[in-house]
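All residue numbers for the sequence shown refer to the working numbering, where the first residue is 36 and numbers rise by one. Yeah, the Cβ is synthetic: ideal placement off N, Cα and C, and Gly gets one too. Values in this document were obtained by computation on a predicted structure and should not be read as measured data. To start, the structure itself, in C-alpha cells.
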Amino acid sequence: MNKHSAMFEVMMGIENSILNKDAVESALLSLKAIRTYERDRRTHGVRRVELYYEDIEGDWLEKWGEEDESESKRPQLTN
36 MNKHSAMFEV MMGIENSILN KDAVESALLS LKAIRTYERD RRTHGVRRVE LYYEDIEGDW
96 LEKWGEEDES ESKRPQLTN
C-alpha cells in the first residue's frame with residue numbers, strides 16, 4: 036500500500052465516523068421529539084395539537100391552496 040492510499044483510507048475512516056456521529060445525534064434528537072410528543076399526549080390528550088400549531092380554530096381550511104401574501108411578494112429566482 037502506498038502513502039497516498041493509506042492517507043485516503045485514514046481520511047475515509049474519519050469521514051465515516053463523523054457521518055455516523057451525525058446520524059446517531061439525529062436519531063437521538065428524533066427520539067427525544069417523539070418522547071416529548073407522547074408525553075404531551077398523556078398530559079394534554081387530543082388538545083396537544085394546540086401546543087404545536089397556531090390558529091387551530093382559524094379559517095385555514097377555507098384558505099387552503101390560496102397563495103400566501105408573503106410568497107407573492109417574494110422575488111422569483113431564475114436559473
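Problem set entry | Enclosing alpha helix (DSSP H) for Val81 [first to last residue] | Segment: none, Val81 is in no alpha helix (DSSP H) and carries neither H nor E.
Problem set entry | CA-to-CA distance, Glu50 to Asp57, given in whole angstroms | Going by the C-alpha atoms only, they are around 11 Å apart.
Problem set entry | Contact belief for Leu86 with Asp75 at Cβ below 8 Å, rounded distance in angstroms | 6 Å
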